[in-house]
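S.K.: Order-wise, the sequence lines are chains A and B. All the letters of the first sequence, read from the start, carry residue numbers 940 to 1054 under the numbering used here. All the letters of the second sequence, read from the start, carry residue numbers 8 to 120 under the numbering used here. Below you will find the structure I want to go over with you.
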Amino acid sequence: DQQVKQNSPSLSVQEGRISILNCDYTNSMFDYFLWYKKYPAEGPTFLISISSIKDKNEDGRFTVFLNKSAKHLSLHIVPSQPGDSAVYFCAASPNYGGSQGNLIFGKGTKLSVKP
Amino acid sequence: EPEVTQTPSHQVTQMGQEVILRCVPISNHLYFYWYRQILGQKVEFLVSFYNNEISEKSEIFDDQFSVERPDGSNFTLKIRSTKLEDSAMYFCASSDGWGGEQYFGPGTRLTVT
């Protein structure tokens, strides 16, 4: 069962433009969400997170938006750079603050930023 | 910048053999995790560990798997009798709190032949 869904397996964007990666979830008990970036032959690298009490979190070029009613979050990268080309994973953690901490990952979206 | 390290980077073993995958978490972290990613599939949670005991484990983490923190720095995953379907990338992660950001190692590619 896919509790965290990334429906776009790939996305291609021109350098300098905005990249928008989407993620949907089904479990209303999730209340902490994270985005990871992964290059080939490396482990996932933490990018940015958001708790369910917020609807937006920004860190430099990266912004995550959370729409709890729609059970949807998105990662915006602006401006996109060729070095951002990687696989991006959305992850969710149930009951932040009281959970056991396991992360549930989506299948990932491969972002290609073209010069 | 502190990072999680894992050894070996690639392990090839025969079916039925025991393997031990090693991890050195970030030094001031207290919570440790193992995940795996079968080729072409999503990253899956295996087990979490805190205060020298398992906190939570997934249905994947059956009796063939065990974890240990043998000293103050290492965190190991043992698979007692490997099966072909255990072939995957195994990632170790650590965090300084539950539900917070987890930092991943580069992974060990396990190939069972």
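Ideal placement from N, C-alpha and C gives every residue a C-beta, glycine not left out.
Given this structure, state the Cα-to-Cα distance separating Arg29/B from Glu10/B, to the nearest angstrom.
M.R.: When rounded, the distance between both Cα atoms is 14 Å.
S.K.: Looking at the structure shown, is Asp93/B part of a helix, part of a strand, or coil, going by DSSP?
M.R.: Asp93/B: helix per DSSP, three-state reduction.
S.K.: Tell me which residues of the segment 97 to 113 of chain B have at least one Cβ-Cβ distance to chain A shorter than 9 Å, keeping chain order.
M.R.: Here the close residues are Phe98, Cys99, Ala100, Ser102, Gly104, Trp105, Gly106, Gly107, Glu108, Gln109, Tyr110, Phe111, Gly112 and Pro113.
S.K.: Report yes or no: is there a C-beta of chain B within less than 7 Å of the C-beta of Lys1046/A?
M.R.: Output row for Lys1046/A: interface = yes.
S.K.: For the segment 964 to 979 of chain A against the segment 73 to 91 of chain B, are there 3 or more C-beta pairs whose distance is under 8 Å?
M.R.: No, the segment 964 to 979 of chain A is not in contact with the segment 73 to 91 of chain B.
S.K.: Could you list which residues in chain A have their beta carbon closer than 9 Å to that of Glu60/B, in chain order?
M.R.: None at all; the shortest Cβ gap to chain A is about 12 Å.
S.K.: Tell me, please, which residues DSSP counts as bridged to Val119/B.
M.R.: Answer by DSSP bridge pairing, in chain order: Thr20/B.
S.K.: Would you say the segment 1043 to 1051 of chain A touches the segment 946 to 959 of chain A, given that touching needs at least three Cβ pairs under 8 Å?
M.R.: At 8 Å Cβ cutoff, the stretches touch.
S.K.: How far does the beta strand (DSSP E) with Pro1033/A in it extend, from its first residue to its last?
M.R.: Its beta strand (DSSP E) spans residues Ala1025 to Pro1033.
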